[in-house]
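Numbering (this note's numbering), first residue to last: 4 to 869.
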């Protein structure tokens, strides 16, 4: 199980490495501070040794009082200045030579004394260097195998453990090298009289001093900790007074026992300072810990042994407190980090007094719920949905459970529950709750509040998007089904009729049916093209026409369909119907045709009226067009969807045929012209579709006299006397104008090229053809045609590229683009290249007649180069 303290274990930094990093920042200052501290230590204890005067050179040199300076310096300073602690120690050793305890009068000459001190200095340097570098290597080794804090504590512990053996090694080295370096006088120097027990106890104190120095270095106490430690001066003053008044039994044991007690009871911040400072002050003033103070060797040895045992306990306590301090720092840092994230993540804490029905919130929970820190439960419940309020009541009554979790729909602000349909005004809160029921104490609940509103709203938005996507996919499936049906049906009819012609080549009977099937196929393709790319339709071209004439054209187009369905067509001409207005003929005719076709095919009506009336508003004249039927009408639930693309409504008990694009195309076309279209129930019980368009009267055009028999105004509810029967044109072959000119057809499809050429030969005396744009350019150079009709996509050179090459030399030559798509990118490419017009395939006789009238009404004009 990973605790909070272990959560950021990878981010914990070694305190010792931290000291090295700090010392690098102000290296000179730290080097000077280190040297001053070591100097004060050496001078203080050298003075104390001299004052109390019972120690010898050899006792105070194994180890030297400043030996820990080497170990501490090598551990805490950067490796590049590892020489600095050695230099400082050599300087401190030289200073200590000025004190009496480092001198001897028994040396035969100065050379022997110098060799003795040189040997002693060398052995101390070797021991200190080995301990320091060994400790540094051990720390580096442990850093790769355990956490940094454990590595720091292991270094301090190992230092405490190895100094004593190193002192014993020092004793062995001096005993072996002394006779060689000093000569015969070595036997009189006093080293041979030293006991191993004295070296052991001095080594133990040296290890304690060096380890305490490391603890203080990594603890890095602050000034307030030192000030608090001064409160214990009277305690140590009393111990010093008791020593000098003789109120003691074994001073070294009593002092060690006091230090152990203080280490156990004081805080982790104070204990190292008080113990280290108190022991140093007591030693400096009494000499205890510096030399034996008992005259009884056996009692003195027992006292030293008891003190040594207590020293081990004392060090263990301090090392453990240091570990606890490190872990507490990590825990505190972890909690701080988690609190920062928790607050940022909108995770609040709360407690509930179940008896009083009161809730206490922390800052985050108060912000989440928009309540003060203390709030009654009924106020919280008043902002919950009823079902969520029941959840809370059930959860708070179930105190026997260990844990519980649920989500609440909550309203911030106000006092009413949230609206189930108001996602923006509702917050979603995740609650984790635990219970506590202690004997003799009131029941309580506590837990976390997590604001998951943002995620919930994103989920709702995503679900809405998925629903729309699913709906779109369903509509696409329906579209593909419609396309399959709507395109396959006329294509199948054409295929069957062609097969029939092989059996019974009666063209007079088959031709109208093939024409009808092809018209249906082309109309379906046109509807779908307009639905997919409504913004790419033909440009707006306003032309002068009377609304009555427009209605007559539409009526004539659907006269036969109305007869086939037994429907009476009528018109209702209101004010302004015979005024010549600027009308977008193509789109208005398409809109009326779609509305009229729907009424004839899908309404089951007996009467259909086309109505027009001019209205006048502040913005000017507006033409209102309507198609009214007395059929079954449109169900209310379908009204909002009828103008959506690919929507097909049911006709009674079955689905009606059609692409489902008619009304969508009407709406797109009318809105493009700045108008609007809507549905309403007709007075006769069916459906009424109305659209309005801004109109302006044509300037310079005189309205013709109203024909007496063309149309007759009708009432809202038509009667037989109101019926209109438009005059039938005489069935005669339309006159054709044959131009004495040359027409060029550029088309890569051989069949289409031949058909287009055949149609053009009815209007031009000469027709030439080309397979692609390259051949078309050559034909222009050879024949200089009067008009060019070209396809777009062709091998070698496309139609628009050919036009672009011709335009600089033939700026007035009529060039007509012919394509299957008169809207969208294909038409735009023709227009950019410089085509005069774009016509749709298949090219019909009326298209050619219109072109001849437009460009050759006054006779052909031979194209000339610019």
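Positions of the beta carbon are idealized from the N, C-alpha and C atoms, including for glycine.
Under DSSP, residue 387 shares a beta bridge with 413.
The three-state secondary structure of residue 680, taken from DSSP, is strand. Scanning 335, 342, 374, 378 for the CA closest to the CA of residue 355 turns up 378.
Of the other Cβ atoms in all chains shown, 16 or more fall within 10 Å of the Cβ of residue 96; this residue is therefore buried. Apart from the 5 residues on each side of it in sequence, residue 229 sits with its Cβ closer than 8 Å to the Cβ of 276 in its chain, given in chain order. Under the 10 Å beta carbon count, residue 381 is surrounded by fewer than 16 other beta carbons and is classified as exposed. The three-state secondary structure of residue 858, taken from DSSP, is helix.
The segment 210 to 228 makes no contact with the segment 252 to 261: fewer than 3 CB pairs, one atom from each, lie closer than 8 Å. In this structure, DSSP gives residue 344 a helical state, which the three-state scheme calls helix.
Taking a C-beta distance under 8 Å as the contact criterion, residue 635 and residue 607 qualify as a contact pair.
Taking a 10 Å sphere around the C-beta of residue 375, we find fewer than 16 other C-beta atoms and assign the residue as exposed.
Contact between residue 392 and residue 400 does not hold, since their C-beta atoms are separated by about 13 Å, which reaches or exceeds 8 Å. For residue 575, the enclosing beta strand (DSSP E) starts and ends at 571 to 576. Under the DSSP assignment, residue 246 falls in the alpha helix (DSSP H) whose first and last residues are 236 to 247. The C-beta of residue 155 has 16 or more other C-beta atoms within 10 Å across all chains shown, which makes the residue buried.
Going by beta carbons, residue 632 and residue 610 fall inside the 8 Å limit. DSSP places residue 773 in the uninterrupted beta strand (DSSP E) bounded by 767 to 773. According to the DSSP assignment, residue 82 belongs to no beta strand (DSSP E), since it is labelled neither H nor E. Taking the Cβ atoms as the reference, residue 81 lies roughly 35 Å from residue 118, outside the contact range of under 8 Å. DSSP places residue 781 within a helical segment (H, G or I) once states are collapsed to three.
Per DSSP, reduced to three states, the secondary structure at residue 165 is helical.
Between residue 452 and residue 353, the CB-CB gap stays under 8 Å. Excluding sequence positions up to five before and after residue 319, its CB lies less than 8 Å from no other CB in the same chain. For residue 353, the enclosing beta strand (DSSP E) stretches over residues 350 to 356. The Cβ-Cβ distance between residue 815 and residue 841 does not fall below 8 Å.
A contact between stretches requires three or more CB pairs, one per stretch, nearer than 8 Å, and the segment 688 to 699 meets this requirement with the segment 579 to 594. Exclusion of the five residues before and after residue 844 leaves 755, 821, 822, 823 as the residues of its chain whose Cβ lies within less than 8 Å of its Cβ.
Membership of residue 439 in the beta strand (DSSP E) is indicated by the continuous run 430 to 439. The continuous alpha helix (DSSP H) containing residue 275 extends over residues 274 to 289.
Residue 182 and residue 25 have their alpha carbons spaced roughly 46 Å apart. In this structure the segment 326 to 335 does not touch the segment 411 to 431; the number of beta carbon pairs closer than 8 Å is below three. For residue 280, same chain residues with a beta-carbon under 7 Å away, outside a window of 5 residues either side, are 232 in chain order.
Looking only at 616, 557, 239, 304, the smallest Cα-Cα distance to residue 286 is reached by 239. Collapsing the DSSP output to three states places residue 752 in coil. Leaving aside the five residues that flank residue 311 on each side, the residues in its chain whose CB is nearer than 6 Å to its CB run, in chain order, 207. The alpha carbon of residue 590 has as its nearest neighbour, out of 407, 134, 667, the alpha carbon of 667.
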